[in-house]
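Protein chains in written order, with this note's numbering: chain A, -8 to 177; chain B, -8 to 177.
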């Protein structure tokens, strides 16, 4: 358990109850409708000039696309991410193509918003999401081969959480959020 | 009105009902508790290795800090953002300090998640948020003077929306989200 004083108080339950599980129920399935709603939630995120600089590759346990992703997980993430019903690879469109022309300077920022939307929607459906970077970026990029301008950023394991929030996931204080850009703090 | 077929269906109301208003109620106030919950929501966003690479500068209408930000708005954003009860400047910590050592390669991505959390929390309190980049970045950076490693990314106007969603804010289809990184689409 986290220190109760460290639990978010007063914020919406979908935000307060969110955590990144290290254990997923290996028998829980992410159905077609749930998958569709996760993508629909991401789709309606805001973005700079409505540029929508995001893309996704998805695979559910047992699907061929799941099998394309699995071999690239690091052992540290494979331990728990393999049990999740769904793996999502997130992609950002930083450039228009291979000319180096910028597509959006907010590409990664806005992908983050879309991922947060997806996470909130997962939470609303009784699912949980754990984002991670512990995978072979070079190998996965070679496997998925996105076109120029697009880059893989992260992976997300989505499924039914087993157990509660991990320990030691405290946060900087609100006061520090407001002062850290000016004064070294916590 | 947007094309009804373009309205999000089935996703959580806090996500489906969200839009970036171009008109704010100039008489509506963002109270202390609401401001605290917006920051609390941002605070509990997930981030790579729990790095929390975000910071905020806030000013409410009538506060001196609001006055520090206002002169740097572009005319195009001043038209509507001035009426919002709260202006938030978002900052990302990309580098540790001025040595160029990376603090987080996911800094902007994770700031985006914190901003999305803030937006969902605003929505839950009957408020709305409109992010924008139409301001004098150089002037505002000089005014706020964040320390090395930190950079201003965007501003957010938060307040009570007047009117409904603007027109023409459609989205790429879910199918395109899944194919665009590989095949030029919509």
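Just so you know, even glycine gets a beta-carbon here, dropped at the ideal spot from N, CA and C. All figures in this text were calculated on a predicted structure; none of them were measured in a lab.
Neighbours of residue 54/A in chain B, taken as residues whose beta carbon is under 9 Å from its own, are absent, since the nearest beta carbon is some 13 Å off. Here DSSP, grouped into helix, strand and coil, assigns residue 77/B to strand. Under a criterion of Cβ atoms nearer than 7 Å, no residue of chain B is adjacent to residue 78/A; the nearest Cβ is some 14 Å distant. A residue is called buried when at least 16 other Cβ atoms come within 10 angstroms of its Cβ; residue 113/A meets this threshold and is buried.
With a threshold of 7 Å between beta carbons, residue 129/B makes no contact with chain A. When rounded, the separation of the alpha-carbon atoms in residue 62/B and residue 150/B is 19 Å. A Cβ-Cβ distance of about 4 Å is found for the pair residue 103/A and residue 100/B, placing them in contact under the 8 Å criterion. The contact set of residue 47/A on chain B, defined by CB atoms closer than 7 Å, consists of 168 and 169 in chain order. Between the segment 104 to 123 of chain A and the segment 76 to 90 of chain B, the count of C-beta pairs closer than 8 Å stays below three; the two stretches do not touch. Relative to the Cα of residue 156/B, the nearest Cα in the group 1/B, 2/B, 4/B and 9/B belongs to 9/B. If the five residues before and after residue 19/B are omitted, its C-beta is found closer than 6 Å to the C-beta atoms of 76, 150 and 151, all from its own chain and listed in chain order. When the beta-carbon positions are compared, residue 142/B and residue 83/B come within less than 7 Å of each other. Residues of chain B whose Cβ lies closer than 7 Å to the Cβ of residue 173/A are, in chain order, 137 and 138. The criterion of a C-beta distance shorter than 7 Å is not satisfied by residue 125/A and residue 170/A. In the structure shown, residue 124/B adopts coil according to DSSP, grouped into three states. Counting only runs of 3+ residues, the beta strand (DSSP E) found wholly inside the segment 42 to 98 of chain A occupies 45 to 51 and 77 to 84, in chain order.
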